[in-house]
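Below: the structure, in structure tokens.
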Amino acid sequence: MNRRTPDSQDAAGVPTSEAHAEPWLLLHSGPCPPAFNMAMDEALLEAVAGLGQPVLRFYSWTEPAATFGYFQHYAEIARTTQLRPLIRRPTGGGLVPHDADWTYSVVIPPTHPWHALNAVDSYRRMHEWIRAAFTRLGVATELANCCRKSTPGQCFVGWEKFDVLWQGRKIAGAAQRRNKQGLLIQGSVQPPPVGWERKQWEKEMAPSGHRQISLTAEVQAQAARLAVEKYSELAFYARR
Numbered sequence: 002m003n004r005r006t007p008d009s010q011d012a013a014g015v016p017t018s019e020a021h022a023e024p025w026l027l028l029h030s031g032p033c034p035p036a037f038n039m040a041m042d043e044a045l046l047e048a049v050a051g052l053g054q055p056v057l058r059f060y061s062w063t064e065p066a067a068t069f070g071y072f073q074h075y076a077e078i079a080r081t082t083q084l085r086p087l088i089r090r091p092t093g094g095g096l097v098p099h100d101a102d103w104t105y106s107v108v109i110p111p112t113h114p115w116h117a118l119n120a121v122d123s124y125r126r127m128h129e130w131i132r133a134a135f136t137r138l139g140v141a142t143e144l145a146n147c148c149r150k151s152t153p154g155q156c157f158v159g160w161e162k163f164d165v166l167w168q169g170r171k172i173a174g175a176a177q178r179r180n181k182q183g184l185l186i187q188g189s190v191q192p193p194p195v196g197w198e199r200k201q202w203e204k205e206m207a208p209s210g211h212r213q214i215s216l217t218a219e220v221q222a223q224a225a226r227l228a229v230e231k232y233s234e235l236a237f238y239a240r241r
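In terms of my numbering, the sequence shown opens at residue 2 and continues consecutively.
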């Protein structure tokens, strides 16, 4: 298979991403409850080695919510925002509001080259992918070349290196979790007001060799169990 680097270009001179040329599994989950969304990503991480291919999942929310990083302190986050419900993510990062954002996850098996990357490189590649999708839509974005810190713990106030910027403001960030089961990247896009709909962006994000899948009964059951027993439990999201 011929691989394109994250900074390569297609025949029209539009930047592409390496992932866009690879065979992936594509999952459209639609709107789900906040706890279930986090549980589903963890269930996919547990299952991805058996699937043998990386998964790109698009999903939305049945109600406004906010997620916060696995290593953040719940009491501190609860004091800094009125957003509810607050749900702890299985990945790191800061506080992210979810309402009109475009959310996705990428789940990588341990045999895939991305799993061997360090956190900075996988973060950069993910956001090159997003930037390339916006470029194909005619939206000019860039990757931040340095950090801009602001309110502690809030993902979209300030930015990190390699976050996606549009006209000087952050529009995409992500958080990661890497273990023996695989690599999970959870991302949020705060869409710029440029007239494009989410479905058009998702179409440009979808790898050219993707195969659409549905959830297996086993993954669905595991996600439902985690949603109730873990992500809806105060003992988990207030553990720190």
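Note that CB positions come from ideal geometry on N, CA and C, so glycine has one too.
Continuous alpha helix (DSSP H) stretch holding residue i: start and end
i	result
arginine 85	Here arginine 85 belongs to no alpha helix (DSSP H), and DSSP marks it neither H nor E.
glutamine 201	199-206
leucine 46	35-52
tyrosine 124	120-137
phenylalanine 72	Premise fails: phenylalanine 72 is in no alpha helix (DSSP H) and is neither H nor E.
valine 220	218-230
alanine 239	Careful: alanine 239 lies outside any alpha helix (DSSP H) and carries neither H nor E.
Endpoints, the beta strand (DSSP E) within which residue i is located
i	result
isoleucine 252	Residue 252 cannot be examined here, being either before or after the span of the chain that is shown, 2 to 241.
alanine 176	170-180
valine 165	165-167
threonine 104	103-109
Distance, residue j Cα to residue i Cα
i	j	result
phenylalanine 237	leucine 84	18 Å
leucine 138	asparagine 38	27 Å
arginine 5	alanine 207	Its pLDDT being 38, under 50, arginine 5 is placed unreliably in this model, and the coordinates cannot settle the point.
arginine 89	alanine 67	9 Å
tyrosine 232	alanine 36	5 Å
threonine 112	threonine 104	25 Å
proline 153	histidine 74	Note that proline 153 has pLDDT 48, beneath the 50 cutoff, so the model's placement of it is unreliable and the number below is only indicative. The straight-line gap from Cα to Cα measures roughly 12 Å.
proline 194	alanine 101	12 Å
histidine 29	alanine 141	26 Å
lysine 162	glycine 196	27 Å
The ligand FMN heavy atom lying under 6 Å from the CB of residue i
i	result
leucine 216	Although the ligand FMN was asked about, the structure shown includes no ligands whatsoever.
Environment of residue i [buried if 16+ CB atoms lie within 10 Å]
i	result
leucine 235	exposed
glutamate 77	exposed
alanine 117	exposed
serine 123	buried
glutamate 230	exposed
phenylalanine 69	buried
proline 55	buried
proline 110	buried
glycine 183	buried
Bridge-paired residues (DSSP) for residue i
i	result
leucine 27	Leu57, Gln213
alanine 117	Note: alanine 117 sits in no beta bridge, so no partner.
proline 98	Ala67
glutamate 143	Leu166
proline 32	Ser61
Proximal residues to residue i (C-beta, below 7 Å), its chain only, five neighbours per side dropped
i	result
proline 32	Ser61, Trp62, Thr63
glutamine 155	Unreliable placement is indicated for glutamine 155, whose pLDDT of 49 sits below 50; no coordinate value is reported for it.
glutamine 223	Ala44, Glu47
Own chain residues within Cβ distance below 8 Å of residue i, not counting five before or after
i	result
alanine 120	Gln177, Arg179
glutamate 219	Ala48
proline 24	Gln54, Pro208, Gly210, His211, Arg212
valine 190	Asp102, Trp103, Thr104, Tyr105, Ile131, Val165, Ile172, Ala173, Trp202
6 Å CB neighbourhood of residue i in its chain, flanking five on each side removed
i	result
alanine 40	Ala224, Leu227, Ala228, Tyr232
glutamate 143	Leu166
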